[in-house]
Structures are given as structure tokens and as C-alpha cells.
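The working numbering numbers the first residue of the sequence shown as 1404 and each following residue consecutively. Yeah, the Cβ is synthetic: ideal placement off N, Cα and C, and Gly gets one too.
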Amino acid sequence: MSTHFMTATSDLYEPAKRDAQYGKNVAQYLLDLHDSKATFDFCGGMMFQLVLSDMLKDHLTKVAVDESKDQPFIHDSSKMRMFRIPEYTQSADSDNARLFHGREIRQVPDATGGMGMVLQLSYAGGNDPEGWTPQEVEGYDGWGHDVGRTWRKGDRLEKEGFKSFREDFGKDAFSLHHRFYLHYDGSNKMWLSAEDGCEGTPAEARNFLSNLFGR
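Below is the structure:
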């Protein structure tokens, strides 16, 4: 477990404390969010636990201790949608720094936040066994509305190559793959945003009733 996680949980969620603790080491920040089973608040109360694949964790661990490697990049508040970032294209491309491969995964029984939802990020371009399958890469159309996109159940993902999907996330879990990027807002909060515009910011998990009634 990373040493930064041993600091106060507020370092993960409050922008000023986050910056004081991590500075420009975004890789370590993402690792500690994973280690703490931190949640991201999507759409005003949908709590997704952040989960990094083992291969992406290994990559970020190397980046966190080597200043010569490319840190994950957080865009400024003028880049509130992915299509506004420099050199954007509608493709499946990812560089594990400015763009990430990921999935929203539903019906995960032990997900932090109590809503059965996980936001998984994986390593692109390195044959990550937990990463996008060749079929997900070939059919990617994440710039469109998710209503018209293909959700995958565990048996399909396992046939396509993600052999441990149901072992990792549960027998009833299903997922939709997205590209993600990071950006700040006007109050210096960090947002993890999908290509279709859905996004979440690190926030402490609350119970279901608190989320429902806004407490």
C-alpha cells in the first residue's frame, strides 16, 4: 500500500490539501485513490469506486517515482469536454497519461459507496489482461450516447479475453467501456470525465439514503 494513503483521507478529497500532499505527482494521487477504495460522485450522487488494473497500477507506480516519465495530465477548466482537448480525435486511442481506457461497471456487490458501481481504468497498448478486449477497441464509439452503445456482461467479456471479469467484479456485473481524461473545474476540483460527457469528482462515500435526500 502506498505511503501517501496513510495520511488523512481529506487529502484525497479537498483540493487544497490534495495539492499540498501530492503537488504535481498525479500518478501517486491516483494510486492512493485506488488503495483507499475512494469513490467518485457522478451525476450528483452516483458513487463509483475507482479501481485500477494491475498493469496500470504498475505503470503509475513507476511514473510516481521517476520524474522523467509522463505524469497523468490534468487539463485546465477550459477543457470541460474531451472534444476540447488538443489533438482530439474520435478514436479508441489512449496514451495512459492524457487519455485512459476505462469501464463503468454496474452490479458489483462489494463496491465502495453501496451502489454497486465501479469506475475501472486499465492500461492501453500493453496487452493488459484486464484492459479493453480487441472487440471493445474495434467497436468503440464512446463519443455517442450510451443508449445506443453495447453493454457487455461478464460471459461475453470473458470470451473476448477478460478472463477474470466475473471473479473480479461479481457474477452479475456488466460494463460499458469509455475513454476518460482528467480536468479541473473553476474551484480546483479534479474531474474524471468520459468521452460522452458524464463525469465524476472524488467525494467521500455516503450511505444510500444520504445520497437520495441530499444530506
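Taking the alpha carbon of proline 1475 as the point to measure from, which residue in His1548, His1437, Leu1463 has its own alpha carbon closest? Here residue 1475 is taken as the residue at index 72 of the sequence shown, counted from 1. Proline 1475 has its Cα closest to that of Leu1463, out of His1548, His1437, Leu1463.
Helix, strand or coil for glutamine 1424, going by three-state DSSP, please let me know. On the sequence shown, residue 1424 is found 21 positions in, with the first residue counted as 1. In this structure, glutamine 1424 counts as helix in the three-state DSSP scheme.
At a cut of 8 Å, does the region 1465 to 1484 reach the region 1537 to 1548 through at least three beta carbon pairs? no
For glutamine 1452, the nearest candidate out of Gln1510, Lys1556, Ala1419 (CA to CA): As a position in the sequence shown, residue 1452 is number 49, starting the count at 1. Checking every option, the nearest Cα to that of glutamine 1452 belongs to Gln1510.
Would you kindly work out how many angstroms separate the C-alpha atoms of glutamate 1607 and leucine 1560, rounded to a whole number? Start at 1 with the first residue of the sequence shown, and residue 1607 comes out as number 204. Start at 1 with the first residue of the sequence shown, and residue 1560 comes out as number 157. Taking the straight line from one Cα to the other gives about 30 Å.
Output the boundary residues of the alpha helix (DSSP H) element that contains phenylalanine 1383. No information on residue 1383 is available, as it lies outside the stretch 1404 to 1618 that the chain covers here.
Decide if the region 1492 to 1508 is in contact with the region 1409 to 1423; the criterion is three or more beta carbon pairs, one per stretch, under 8 Å apart. no
Could you check what DSSP says for tyrosine 1526 in three-state terms: helix, strand or coil? Translated into the one-based positions of the sequence shown, residue 1526 becomes position 123. Residue state, collapsed to three classes: coil.
Return the chain-ordered list of same chain residues with a C-beta closer than 6 Å to the C-beta of threonine 1515, the five sequence neighbours on each side being excluded. Here the question's residue 1515 lines up with position 112 in the sequence shown. So the list reads Lys1440, Thr1442, Gln1452, Ala1608, once near-sequence residues are dropped.
Would you check if the distance between the CB atom of glutamine 1523 and the CB atom of valine 1429 is smaller than 9 Å? The count along the sequence shown starts at 1 and reaches residue 1523 at position 120. The count along the sequence shown starts at 1 and reaches residue 1429 at position 26. No. Outside cutoff.
Are leucine 1415 and aspartate 1435 touching if we call contact CB-CB under 9 Å? For this step, residue 1415 is matched to residue 12 along the sequence shown. For this step, residue 1435 is matched to residue 32 along the sequence shown. Yes; because the gap between Cβ atoms is below 9 Å, this pair is in contact.
Mark glutamate 1570 as exposed unless 16 or more other C-beta atoms lie within 10 angstroms of its C-beta, in which case mark it buried. The count along the sequence shown starts at 1 and reaches residue 1570 at position 167. It is exposed - the Cβ of glutamate 1570 has fewer than 16 other Cβ atoms within 10 Å.
Where glycine 1505 falls: helix, strand or coil (DSSP): By one-based count along the sequence shown, residue 1505 stands at place 102. Strand, per DSSP.
Tell me the start and end of each unbroken beta strand (DSSP E) in the region 1532 to 1584 that is at least 3 residues and wholly inside, in chain order. none
Which residue or residues does DSSP assign as beta-bridge partners of glycine 1603? In the sequence shown, the residue the question calls residue 1603 occupies position 200. BP columns for glycine 1603 point to Phe1445, Leu1595.
Compare the beta carbon distance of phenylalanine 1565 and glycine 1505 with 9 Å and say whether it is the shorter of the two. Within the sequence shown, numbered from 1, the residue matching residue 1565 stands at position 162. Within the sequence shown, numbered from 1, the residue matching residue 1505 stands at position 102. Result no, Cβ atoms of phenylalanine 1565 and glycine 1505 do not sit closer than 9 Å.
Classify histidine 1581 as buried or exposed, calling it buried when 16 or more other Cβ atoms lie within 10 Å of its own Cβ. What you label residue 1581 is simply residue 178 of the sequence shown in a count that begins at 1. When all chains shown are included, histidine 1581 counts as buried.
Ordered along the chain, which non-local residues of its own chain (more than five positions away) have a Cβ less than 7 Å from that of lysine 1465? Counted from its first residue, the sequence shown places residue 1465 at position 62. Closer than 7 Å at Cβ, skipping near neighbours: Lys1472.
With a Cβ-Cβ cutoff of 9 Å, do alanine 1419 and glutamate 1507 count as a contact? Your numbering for residue 1419 matches position 16 in the sequence shown. Your numbering for residue 1507 matches position 104 in the sequence shown. Contact flag unset, no.
Given a threshold of 16 other Cβ atoms within 10 Å of its Cβ, counted over all protein chains shown, does serine 1525 qualify as buried or as exposed? By 1-based counting over the sequence shown, the position of residue 1525 is 122. Looking at its Cβ environment, which holds 16 or more other Cβ atoms inside 10 Å, serine 1525 is buried.
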